[in-house]
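Taking it in order: structure first as structure tokens, then the write-up.
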Ligand code: PMP
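In full-length UniProt numbering, the protein residues as written are 1 to 430.
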């Protein structure tokens, strides 16, 4: 066990999960690559979702952060804050929400917590609908709306939550249905739930489930849900913590694949927007945002430092059309991985949108998840110089691939070749 890992084990909580039998200490990064403390270089196919949406050590962000740090870092409350106003204006503009108001937090969990605060206050109800297999954070309120029970450290909750079908199609009662029939079945499930409970505040959903293994419903599911929800006055909260900022390639926001009936009432975001700085937030119609009888609710959400980083990052990703890059390079990567998968019985499906790609592994000849194979591929990919993620439902069943949005075609090819080797070695070991 390396020395830092022993010290980590002695002083940090046991549940602070680390990847790999011999965990990596990342010391620096550039573009789509990171280096560990031994000087080894890795192509990073996971950091794009974790923190770094565009590129490691992006010069525009580094410059904005260091210049802002040298000037002032202050609270986001009590005094006017120019970068916060500027970023809020930009986000309101790209949000698609009319008369939008933006509130900044320091994490995705806090963003979802704020969305729940708003929705429950606005609707005077603490009943919330969430999706099976979902992940929305691990604070006291967000645990209650996280359907993926493997990620719930407590079963207690201040909310009364009911879970509905729709986020996952790989397995489950509706897996065999075509798109239309799947949507109809999920809508019938939603109607059934709504018919038997007190009026809920909101339905919260990730347009593509992240921790759940990059599963996505057919386009239009949430538009169909929206029709039913609106008839009951129930709000739609889109958790874009993983899917925002062009990640899915086709759209800037994940909800836009479901946009027939207009934008969600509330959108939450975090992770990649700060390109590593802790920025989260909520954007909602003014009447919803302003329903709180509150003073400010965060000291650190929206500090000049994090706002300067996010402004530089958002400007960069828009000016360089990184959404288009995600669509093009992600499309090539998905095709390439599907070709590999067709030859390997342990790979059940390669699914995804843009640079959000899930690879579902099964025990060959069955439809059973294979967490052991996932672990083997993760280690083998690391040995080959590639970092990837994992996820899934109650079992860890999928590899998760989410590089920074600036991934080049050559890097996609390099990563796919390493992953192919890793998948073959897992196939050979079973
Ligand atoms: N929502 C989603 C969809 C997420 O994937 C995550 C983090 N994995 C969160 C919320 C919570 O974000 P954070 O870890 O920044 O609190």
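Positions of the beta carbon are idealized from the N, C-alpha and C atoms, including for glycine.
All of these numbers come straight from a predicted model, not from anything done at the bench.
Beta-bridge partners of residue i, as assigned by DSSP
i	result
residue 360	349, 398
residue 101	284
residue 130	163, 204
residue 266	237, 284
residue 41	35
residue 154	Paired residue(s): none; residue 154 is not in a bridge.
residue 195	Its beta-bridge partners do not exist; DSSP assigns none.
residue 215	209
residue 26	36
residue 147	Answer is none; residue 147 lacks a bridge partner.
residue 354	Its beta-bridge partners do not exist; DSSP assigns none.
residue 390	399
residue 369	362
Cut-off 8 Å between Cβ atoms - residues of its own chain near residue i, not counting five sequence neighbours on either side
i	result
residue 311	64, 83, 86, 87, 90
residue 51	271, 272, 274, 275, 276
residue 418	43, 381, 384, 385, 386
residue 36	24, 25, 26, 27, 42
residue 193	129, 162, 164
residue 292	117, 118, 121
residue 153	15, 138, 143
residue 22	1, 2, 5
Burial state of residue i, where buried means 16 or more other Cβ atoms lie within 10 Å
i	result
residue 15	exposed
residue 202	buried
residue 264	buried
residue 12	exposed
residue 4	exposed
residue 179	exposed
residue 345	exposed
residue 366	exposed
residue 159	buried
residue 226	buried
residue 232	exposed
residue 49	buried
residue 420	buried
residue 131	buried
residue 209	buried
residue 403	buried
residue 409	exposed
residue 222	buried
residue 97	buried
residue 9	exposed
residue 71	exposed
residue 342	exposed
residue 313	buried
residue 251	buried
residue 56	buried
residue 30	exposed
Cut-off 7 Å between Cβ atoms - residues of its own chain near residue i, not counting five sequence neighbours on either side
i	result
residue 217	166, 167, 169
residue 333	357, 412, 416
residue 316	54, 58, 60
residue 296	77
residue 266	115, 118, 119, 235, 237, 282, 284, 288
residue 148	133, 134, 135, 211, 212, 393
residue 220	183, 258, 260
residue 142	109, 112, 113, 136
residue 175	169
residue 323	246, 249, 252
residue 190	164, 225, 228
residue 422	377, 380, 381, 384
Own chain residues within Cβ distance below 6 Å of residue i, not counting five before or after
i	result
residue 307	83, 84, 87
residue 68	304, 305, 308
residue 349	360
residue 110	280
residue 151	135
residue 123	201
residue 425	380
residue 243	207, 208, 254
residue 351	358
residue 431	Examination of residue 431 is not possible in this model, given that the chain is present from 1 through 430 alone.
residue 396	371, 374, 390
residue 75	299
Inset, instruction - Could you pull out every unbroken alpha helix (DSSP H) segment of at least 4 residues lying fully inside the region 283-338, listed in chain order? - result: 286-289, 304-319
Inset, instruction - With ligand 1 as the reference, list in chain order each residue whose Cβ lies under 5 Å from any of its heavy atoms. - result: 107, 108, 109, 136, 137, 206, 210, 239, 241, 242, 270
Legend entry - Length at least 4, wholly inside the region 45-132: the alpha helix (DSSP H) runs in chain order: 47-50, 59-71, 82-95, 108-123
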